[in-house]
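Undergrad: Handing you a structure now.
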Amino acid sequence: MTFSLPSLPFSPGALAARGMCQETLELHHGKHHQAYVTALNGLVDKNDVLKGKSLEDIIRLAHGRDDLAPVFNNAGQHWNHSLFWNSLSPEGGGVPGSLEKKLTADFGGVDKFKEQFKAAALGQFGSGWAWLILGTEGRLKITKTGNAGTPVATREGKALLVIDVWEHAYYVDFRNRRADFVDNFLAKLANFEFAAAQLAAA
Ligand code: MN3
């Protein structure tokens, strides 16, 4: 199987008025994400065991194996970024009623969810990701992963929403201010409609 860069679900300039400029998206999607896809294809092409396998199977197979660390890193980054683009919206920030109800049941309210999500995003030392996940026991939870870490590898549930906290995600728009980037994401960019749809489909 050859992997390819998914199209953005919006035009690259569509988020500029909401705190993520076109340059950020052109670099992040067109250069960073494309580089992970290109590297992954090159690695899979040389490995008969991985050839033809799904992205999820490749991630799980490579997880924890030193000899397949480059495979894991590029496959994880491809999967994580593909979810991240869907976690952004030009109409982001609004929480639909169905998701609000579940966030209230599992976190005590939307604001409490946002506080915990922000704490995870800021508490991730160095590069990584913060996640809203539907756990296997049916409760929502927040996790964080370093570098290319992904809940696909650990099978800890279904990822509903993710924020990329690698510096390349926010340096053009917010410089070193990760907290402002996370606040802006939650207020203006987060595609809670997508998260609600993921939840409904689970
Ligand atoms: Mn990134």
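Quick note on our numbering: the sequence shown kicks off at 32 and runs consecutively.
Ideal Cβ placement from N, Cα and C applies to all residues, glycine included.
#1: Kindly indicate which three-state DSSP category residue 174 falls into: helix, strand or coil?
#2: Is residue 130 near residue 230, with beta carbons less than 8 Å apart?
#3: Can you tell me whether residue 204 sits near the ligand MN3, meaning its C-beta is under 7 Å from at least one heavy atom of the ligand?
#4: Beta carbon of residue 94: closer than 7 Å to some heavy atom of the ligand MN3?
#5: For the 8 Å Cβ check, are there 3 or more pairs between the stretch 202 to 222 and the stretch 42 to 60?
#6: Compare the C-alpha of residue 154 against each of 196, 106, 84, 75 and name the closest.
#7: Going by DSSP, what residue range makes up the alpha helix (DSSP H) through residue 180?
#8: Distance check for residue 77 and residue 146, CA to CA, integer angstroms please.
#9: Got a sec? Which residues, its chain only, sit under 6 Å from residue 63 by beta carbon, not counting five neighbours each side?
TA: Let me lay it out:
#1: Residue state, collapsed to three classes: strand.
#2: Yes. Within cutoff.
#3: Distances from the CB of residue 204 to the heavy atoms of the ligand MN3 are all 7 Å or more.
#4: Not one heavy atom of the ligand MN3 falls within 7 Å of the beta-carbon of residue 94.
#5: Per the Cβ contact rule, the stretch 202 to 222 is in contact with the stretch 42 to 60 (3 or more Cβ pairs under 8 Å).
#6: The shortest C-alpha to C-alpha distance from residue 154 to any of 196, 106, 84, 75 is the one to 196.
#7: Counting along the chain, residue 180 falls outside any alpha helix (DSSP H), and DSSP gives it neither H nor E.
#8: If you take the alpha carbons of residue 146 and residue 77, they lie about 44 Å apart.
#9: Excluding residues within five positions, the ones whose Cβ falls inside 6 Å are 199.
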